[in-house]
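**Student:** Chains as they are written, first to last, in this note's numbering: chain A, 1 to 535; chain B, 1001 to 1213. Glycine included, every Cβ here is placed at the ideal spot set by N, Cα and C. Note that the structure is a prediction, hence the values are computed from the model and not measured.
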Amino acid sequence: MPDYEPPLPPVPESRAVSQARTRPSVVWLIPIVAALAGVWVAVTRILSEGPTITIVFQSADGLEAGKTKIKYNGVDIGTVTAIRLSDDHEHVITTAQMAPKTQDFLVEDTKFWVVRPRISGANVTGLGTLISGAYIGLEIGSSKQPKRDFVALETEPIVTGQVPGRFFILKTADLGSLDTGTPVYFRRLQVGQVTSYKLDKDGKLLTVQVFVRAPYDQYVNPETRFWHASGVDVSLTASGLQVRTQSMLSILIGGIAFETPATAPLEPPAEANTVFTLFSDRTTAFEPAAQHPQTYVLIFKDSVRGLVPGAPVEFRGIPIGEVSDIRAQVDLKTFRFSVPVTIELDPRRLGVNVVGGAAGDLEALRRRLIDSLISHGVRAQLRTGNLLTGAVYVAFDVFPNAPPATVDWSQQPVRLPTVPGQLEATEETVENIIEKVNKMPLQQIGENLNNSIANLNLTLISARNTLSSATETFVSARNALTTANGIVQPDSAQLQRLDQTLDELTRAARSVRVLSDYLEQHPEALLRGKPGKPK
Amino acid sequence: MMTRSLTAMDHGLQSCEVCGLLSRPAPPADEGRCPRCGEAIEFRKRASFEYTWAFLIAAAICYIPANVLPVLTTTTATGSVSDTILQGVVLLWSPTGWPLAIIVLVASIMIPSAKIVALAYLLITAQRGSIKNNRQRIRLYRMVEFIGRWSMVDVFVDTFTAALIQLQPLMSVEPGPGLIFFAAVVVLTMLAVESFDPRLIWDAAALQEVAHA
């Protein structure tokens, strides 16, 4: 520093900054503790955090990010953390944070669905969600393959995998009043439910999936029949009015019933997911299944009123088929109307199981059988099955007086001969009789009859007179007879005298014979007299 | 030429922070007690930068879990919901409730973060010896000091709510782990403010002036 400078202003002193400590202050423990606490919290958070999964829904209706829970048996096991649309805007992808130790739940066949309040005829579920909002339910799969991205079910399954039992598939053309949750009955005991239904791709049949709880599932075997027990089954058939129901509940909401025919052979229980036909009612269900239905046509000249498709075809009371089609046709040449009725016959319904043999053999056999039946006078006839309803059925029966007929096998479908219906035949006869009666000269006959009766009256009067004199005559005749009776008594004097007289007569006759014998030998005796006794 | 500001320290004097009495420290010690009020006095707060930084860093660390972890767990019949501070703001945000939401947002999120940022700014500038905006910086310090305590309102509200709403089994409210960290943020920032010596701002200015002189 140069000397010439005055010592003013005073030179600042070096600052008295404390330099006692060179090591870091204890205060640094505070941020360290804070950092440790933060790290500890973070670590525990991460450790306690379960897996993150995504679930794809059709709709996020009722779902809320951060609020909607994933519950299993009522226990929260996760929360929806984010909801977003899929890239194609068709689905909703939800991200959910699962609770720790839920890895076992998230396997290949685990199913998720949204639980919403659902009120169907059979049951009310998810009422709690009215208050709490929808939540996501799940069914834990049995697979071991872990999975994180799921596609949710559209509807909540009726039966979850925890309930022992078996699923079966029913095919039906008509859903009737079925719905998911519709009960399944076995001997009027509710043993299961309809779990789902969907239309087949071809649109012709519906596939209905039912669940039958254990232990009732063992009563379902391959021969079991399922039928609609929907509501009240009122059938008006040739057999009359029939009302059949399963239970009060099924009257209201419908149902499915099953039973195994008693005649069916004992079989082991059906496998799960066996396909059955769902019949429209119990009667159809129990009819033997058609095996080789054959189509024939019957041409009726009389009215087919009361005949409907489905009407039975019977052979002497045994159902052997049914009417499938009824039409009318007119012959342009003769302008005669006739009704071809198409029927389907099934030999199995006769209780004849057709097994073995080639198709051709079967065909030949059938032709022979039908030919022989027709030649023996078997004909089809319309008969009234039920006078009240007028329902008519087709009957095959033996008509020995039927005009002879043959079957033309070249036609397709084959035409079988018919005879006029019972009612028509009767009508015809009665008509004939009435006609004849009409033709009688009834008036004339009446008049003649009247005259005759008058004459008869007169005759009768004289007859009565005659009869009174006749009575007298009879009285005297009886007297005479009494007398005569007295004469012919065995101990009467007359008889004894008669005996004696007869004896006398016998003796006299003998004398005459002796005389005549003598005269024969000695005719001269007549002249010379009897010679003296020989000497 | 700028007027040179005098500081007590320049003249070897210590000022009491409580009563403002100037006193000469008894040599050789730098520290002593105020002869009037008995308060411990020193030229400058001991290791002010170090303490402030420590508290500030601790507060900044705690600020993260305070905002990430739930501060309130509400258990109702429909399930339990845990809300962080920010979720609470979102929850309150409605056409009618937005003023409340803003209060919570300001008091619970913006003020603590602003405090941390402001203190960090003050520390850095003071340490770097910046002389710019001295006045604004001292105003900022006063604001931070004044406003800091109000952040505690949040903690109070939470604890009161938790204590009052115990309607088992219908509904209950429990403080979450985030609340502890939030309280720690508030306390630590207050401590940081307390340990920061605003005179350091002027010291830097004085040094600069000396350098210029």
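#1: Mind checking if G66 (chain A) is an interface residue toward chain B, Cβ cutoff 9 Å exclusive?
#2: Counting Cβ pairs closer than 8 Å, one from the region 310-325 of chain A and one from the region 362-372 of chain A, do we hit at least three?
#3: Find the nearest neighbour of N401 (chain A) within the set A:G390, A:T418, A:L388 and A:S492, judged by alpha-carbon distance.
#4: Are the C-beta atoms of P24 (chain A) and some chain B residue less than 9 Å apart?
#5: Taking the alpha carbon of K1115 (chain B) as the reference point, which residue from B:R1033, B:E1174 and B:I1147 has its own alpha carbon closest?
#6: Quick check on P117 (chain A) - is its C-beta less than 9 Å from some C-beta in chain B?
#7: Could you list which residues in chain B have their beta carbon closer than 8 Å to that of G38 (chain A), in chain order?
#8: Where does W546 (chain A) sit, in a helix, a strand or coil, going by DSSP?
#9: Going along the chain, which residues of its own chain have a beta-carbon closer than 8 Å to the beta-carbon of I1085 (chain B), five neighbours each way excluded?
#10: What does A1040 (chain B) touch in chain A if you count any residue whose Cβ is under 9 Å from its own?
#11: Whole angstroms is fine: what's the gap from V1089 (chain B)'s alpha carbon to A1101 (chain B)'s?
#12: Counting beta carbon pairs with one atom in the region 22-34 of chain A and one in the region 1042-1060 of chain B, are three or more of them shorter than 8 Å?
#13: Could you give the C-beta distance for L1048 (chain B) and G1176 (chain B), rounded to a whole number, given that I count them as a contact under 8 Å?
#14: Is any beta-carbon of chain B found at less than 9 Å from that of I83 (chain A)?
#15: At 3 residues or longer, what runs of the beta strand (DSSP E) sit wholly inside the region 1048-1120 of chain B?
#16: Using a Cβ-Cβ cut-off of less than 7 Å, give me the residues of the region 28-56 of chain A that come near chain B, in sequence order.
#17: Which class does G74 (chain A) belong to by DSSP, given the choice of helix, strand or coil?
#18: Looking at C-beta atoms only, is the number of pairs between the region 202-219 of chain A and the region 164-181 of chain A that lie closer than 8 Å three or more?
#19: Please report how far the alpha carbon of V26 (chain A) lies from the alpha carbon of S1195 (chain B), in whole angstroms.
#20: Where does G385 (chain A) sit, in a helix, a strand or coil, going by DSSP?
#21: Rounded to whole angstroms, what's the CA-CA distance from K535 (chain A) to L495 (chain A)? Just pull it up for me.
#22: Can you list the residues of chain A that I1057 (chain B) reaches, using a CB-CB cut of under 7 Å?
#23: Name the DSSP beta bridge partners of I136 (chain A), please?
#24: Below 9 Å between beta carbons: does that hold for G66 (chain A) and Q1087 (chain B)?
#25: With a 10 Å radius around its C-beta and 16 neighbouring C-beta atoms as the bar for buried, classify V1018 (chain B) as buried or exposed.
#26: Of the residues A:E271, A:V339 and A:A311, which one's Cα is nearest the Cα of V297 (chain A)?
#27: Give a yes or no on whether the C-beta atoms belonging to V115 (chain A) and K144 (chain A) are separated by under 9 Å.
#28: Along chain C, which residues have their Cβ under 9 Å away from the Cβ of E1050 (chain B)?
#29: Starting from the C-beta of V1144 (chain B), find all residues in its chain whose C-beta is less than 6 Å away, skip the five residues before and the five after it, and write them out in chain order.
#30: In this structure, does DSSP put A1126 (chain B) in helix, strand or coil?
#31: Between which residues of its own chain and G306 (chain A) is the CB-CB distance below 6 Å, once the five residues before and five after are set aside?
#32: So, M1223 (chain B) versus F1055 (chain B), is the Cβ gap smaller than 9 Å?
#33: Which residue comes first and which comes last in the alpha helix (DSSP H) that contains V308 (chain A)?
#34: So, is the C-beta of V1144 (chain B) closer than 9 Å to a C-beta in chain A?
#35: Would you please verify whether the beta carbon of P1175 (chain B) is less than 9 Å from any beta carbon of chain A?
#36: Leaving out the 5 sequence neighbours to the left and right, which residues in its chain are closer than 6 Å to A152 (chain A) when beta-carbon positions are compared?
**Tutor:** In short:
#1: Translated into positions along the first sequence, residue 66 (chain A) becomes position 66. Yes, its Cβ sits closer than 9 Å to a Cβ of chain B.
#2: no
#3: Position 401 of the first sequence, counted from the first residue, corresponds to residue 401 (chain A). Closest option to N401 (chain A), Cα to Cα, is A:T418.
#4: Position 24 of the first sequence holds residue 24 (chain A). Answer yes: the Cβ-Cβ gap between P24 (chain A) and chain B drops below 9 Å somewhere.
#5: As a position in the second sequence, residue 1115 (chain B) is number 115, starting the count at 1. With distances taken between Cα atoms, K1115 (chain B) lies closest to B:I1147.
#6: For the purposes of this step, residue 117 (chain A) is taken as the residue at position 117 of the first sequence. No, no contact with chain B.
#7: Within the first sequence, numbered from 1, the residue matching residue 38 (chain A) stands at position 38. What G38 (chain A) touches in chain B: I1061, C1062, I1064, P1065 and F1181.
#8: Because chain A is modelled from 1 through 535, residue 546 (chain A) falls outside the range shown and cannot be assessed.
#9: Along the second sequence, one-based indexing puts residue 1085 (chain B) at 85. Here the set comprises A1066, N1067, V1071, V1104, S1108, I1109, D1154, G1178 and F1182.
#10: Translated into the one-based positions of the second sequence, residue 1040 (chain B) becomes position 40. Against chain A, a Cβ distance below 9 Å from A1040 (chain B) picks out nothing, because the smallest value is about 14 Å.
#11: Taking the second sequence and counting its residues from 1, one reaches residue 1089 (chain B) at position 89. Taking the second sequence and counting its residues from 1, one reaches residue 1101 (chain B) at position 101. Looking at the two C-alpha atoms, the distance is approximately 5 Å.
#12: yes
#13: Sequence index remark: in the second sequence, residue 1048 (chain B) carries index 48 (1-based). Sequence index remark: in the second sequence, residue 1176 (chain B) carries index 176 (1-based). The question names Leu, but residue 1048 (chain B) is Ser in the sequence shown. With a Cβ gap of about 35 Å, S1048 (chain B) and G1176 (chain B) do not count as contacting.
#14: Locating residue 83 (chain A) in the first sequence gives position 83, where the first residue counts as 1. No, I83 (chain A) does not count as interfacial toward chain B.
#15: Counting only runs of 3 or more, we get 1072-1076 and 1079-1083.
#16: W28, I30, P31, A34, A35, G38 and V41
#17: Here residue 74 (chain A) is taken as the residue at index 74 of the first sequence, counted from 1. It is coil, neither helix nor strand.
#18: For the pair of segments examined, the region 202-219 of chain A was found to touch the region 164-181 of chain A: the number of CB pairs separated by less than 8 Å reaches three.
#19: Position 26 of the first sequence, counting from 1, holds the residue named residue 26 (chain A). Position 195 of the second sequence, counting from 1, holds the residue named residue 1195 (chain B). Going by the C-alpha atoms only, they are around 14 Å apart.
#20: Mapped onto the first sequence, residue 385 (chain A) falls at position 385. G385 (chain A): strand per DSSP, three-state reduction.
#21: For the purposes of this step, residue 535 (chain A) is taken as the residue at position 535 of the first sequence. For the purposes of this step, residue 495 (chain A) is taken as the residue at position 495 of the first sequence. Residue placement at K535 (chain A) is flagged as unreliable, the pLDDT there being 48, under the threshold of 50; a coordinate-derived value is accordingly withheld.
#22: Residue 1057 (chain B) sits at position 57 when you count from the first residue of the second sequence. Here the neighbours are P31.
#23: Here residue 136 (chain A) corresponds to residue number 136 of the first sequence, with the count starting at 1. Answer is A:I70 and A:V114.
#24: For the purposes of this step, residue 66 (chain A) is taken as the residue at position 66 of the first sequence. For the purposes of this step, residue 1087 (chain B) is taken as the residue at position 87 of the second sequence. Closer than 9 Å, so yes.
#25: As a first step, residue 1018 (chain B) must be located in the second sequence, where it is residue number 18. Flag for V1018 (chain B) reads exposed.
#26: Here residue 297 (chain A) corresponds to residue number 297 of the first sequence, with the count starting at 1. That would be A:V339, whose Cα lies nearest to the Cα of V297 (chain A).
#27: Here the question's residue 115 (chain A) lines up with position 115 in the first sequence. Here the question's residue 144 (chain A) lines up with position 144 in the first sequence. Against a cut-off of 9 Å, the Cβ pair of K144 (chain A) and V115 (chain A) comes out as no contact.
#28: Here the protein chains are A and B, and chain C is not one of them.
#29: Here the question's residue 1144 (chain B) lines up with position 144 in the second sequence. If we look at V1144 (chain B) and ignore the five residues flanking it on each side, its Cβ neighbours are K1115, A1118 and V1193.
#30: Along the second sequence, one-based indexing puts residue 1126 (chain B) at 126. Helix at A1126 (chain B).
#31: Along the first sequence, read from residue 1 onward, the residue named residue 306 (chain A) stands at position 306. Result list for G306 (chain A): G390, A391 and V392, in chain order.
#32: Residue 1223 (chain B) cannot be examined here, being either before or after the span of chain B that is shown, 1001 to 1213.
#33: The residue you call residue 308 (chain A) lines up with position 308 of the first sequence. Per DSSP, V308 (chain A) belongs to no alpha helix (DSSP H) and is neither H nor E.
#34: Taking the second sequence and counting its residues from 1, one reaches residue 1144 (chain B) at position 144. Not closer than 9 Å to any Cβ of chain A, the Cβ of V1144 (chain B) fails to qualify, so no.
#35: What you label residue 1175 (chain B) is simply residue 175 of the second sequence in a count that begins at 1. Judged by the 9 Å Cβ criterion, P1175 (chain B) is not in contact with chain A.
#36: For this step, residue 152 (chain A) is matched to residue 152 along the first sequence. Excluding sequence neighbours, A152 (chain A) sits near I55, F57, F112 and W113.
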